[in-house]
Amino acid sequence: MSPAARQMLERLVAESHKLNDDTQAEALVQKRQEAEKRLLAKGFPTRKDEDWQYTSLLPWMQHAFEIKAPSAEPSLEVLQPHLLPDTAIRLVFVDGVFSENLSAGFDLIPEALSIEMADADAIQTIAPKAEADAFEWINELVLDQGLALRLEDQAALEVPVYVVQVQTQSEQLTNLRMQVTVGENAEMTLIQQYLCLEGAESVFVNDLAHLHLAKHARLKQVVMQDLSLNSFYFNHQYFQQAEASDLSTIYLGLGAEISRHQNQVALTGTHAESEQNSIGFGAGKQIVDSRTETLHQVAHCNSRQLHKFVLDGQARGVFNGMIYVAQDAQKTDGQMDNKNLLLSNDAKMDTKPQLEIYADDVKCSHGCASGQMDENQLFYAQARGIRKAHAKRLITQAFLLEPLEAVSNVKWHQWLATQVMRKLDQAMK
């Protein structure tokens, strides 16, 4: 282990020990101690590890992140311009701690929806697997804050559950564990937003979520990450889909110096449907990393994926997608597409789509394409009187926003598109 890695690990272990001193639940302390042993034995990944060969963690190791007590809460007036302009059950966490004052929509919570927060028993039940990566074990090491959502069978939420994680302090570590259960024939929309306010120049967000869809359940999820450009974001999501369930999830990776968003979708019931989309935008020296693992474990399931990146400056994008089809998963239909637009000669994209198929009667494909803007498109636009800079923006916008077509709600779609274009305009000035 390098000196920088050891120093970072020592800092994280010290934070874990502080939590243990204030924790009454012995089982939770034992889980943190087990995570400490795993990390001390395993260390952090390096570029020699296949899954990390494109990403150096050295910039992350230079920081002294800690779990800080929340500062004075921002006012709603300060926060409001960043928020979704629509009715929702809004759950706001400030520096990792739930804020009742900034949350809203409690009167919209039906009896069928259970919300538990900071409940050690609720959030410690699912531990990382032995082969989990270091950041999952870090989540276990400093496990403290949790959110458990459960929607009962036959229930349909009329408004989304909107989870906002707000960072207000630099060198802050936040570490949320989330568990979501959508009951049989139930329907839920979950929107998650990560943002930094002024004063939070560098933060470390490290989340882990388990989401279960029962038979005929429907879940729509949007995750928008727009942290400050010296921040670090790692998020692992594990989905399990039962028979005839329907999942649609989209990730927007816009901020952070290094971001890594990982989905594992296990289709364990027949006739399940899965859609995973993502938008990645990077400028300067950002590293934007998005990974999916789709496990077709039974027959007659469909999965669709579209992942698009736009990179400017010296930014680097990484996409790794795996479609796995088990021997008994006949009649599988799995499609995955990754397209990338490089706006500068120094931007770089590393992409690795994979298929691992053990069944005979399947229809699976993957595709990837990376390149710079088509000069013919620019020429035709300019020939019609459109200035080159504006033409470049229009072409980039049309390319990057395609995955948002999965968001059918007009208000949400417009809000998300506005956030993406704001980042794009900042980079293209």
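Quick note on this note's numbering: the sequence shown kicks off at 22 and runs consecutively. Glycine residues also receive a C-beta, built at the ideal position from the N, C-alpha and C atoms. Keep in mind the model is a prediction, meaning the values are calculated, not measured.
Asked	Found
When the Cα atoms are used, what is the spatial distance from Val-160 to Asn-196?	Residue identity differs from the one stated: residue 160 is Asn in this sequence, not Val. Roughly 6 Å separates the two Cα atoms.
I believe Leu-168 touches Gly-204 by the beta-carbon criterion, under 8 Å. Please report the beta-carbon distance rounded to the nearest angstrom.	17 Å between Cβ atoms; not a contact.
What's the C-alpha gap between Gln-262 and Val-244?	19 Å
Closest by CA to Ser-365, which one among Tyr-379, Phe-302, Phe-340?	Phe-302
Below 8 Å, can you find three or more Cβ-Cβ pairs linking the segment 333-344 to the segment 369-388?	yes
Label Gln-175 either buried or exposed according to how many other C-beta atoms from any shown protein chain fall within 10 Å of its C-beta, with 16 as the threshold for buried.	exposed
What would DSSP say about Ser-92, mapped onto helix, strand or coil?	coil
When you compare only the Cα positions, how much space is there between Ala-133 and Glu-208?	11 Å
Kindly confirm or deny that the segment 404-413 and the segment 378-391 touch, where touching means at least three C-beta pairs closer than 8 Å.	no
Would the segment 318-326 count as touching the segment 429-443 if we require 3 or more Cβ pairs under 8 Å?	no
Taking the Cβ atom as the reference point for each residue, do Gln-188 and Leu-105 lie within a distance shorter than 9 Å?	no
Mind checking Arg-405: buried by the 16 CB within 10 Å criterion, or exposed?	exposed
Taking the alpha helix (DSSP H) that Leu-275 belongs to, which residues open and close that run?	Where Leu-275 is concerned, there is no enclosing alpha helix (DSSP H), given that its DSSP letter is neither H nor E.
Here's the rule: buried if 16 or more other CB atoms are within 10 angstroms of the residue's CB, otherwise exposed. What is Ser-135?	exposed
With a threshold of 8 Å, are at least 3 pairs of Cβ atoms found where one atom belongs to the segment 284-292 and the other to the segment 48-56?	no
Since I believe Glu-278 is in contact with Arg-325 (beta carbons under 8 Å), could you give me their beta-carbon distance rounded to a whole number of angstroms?	Incorrect: roughly 31 Å between the Cβ atoms, too far for contact.
Of the choices Thr-202, Ile-212, Leu-194, whose alpha-carbon is the least far from that of Val-182?	Ile-212
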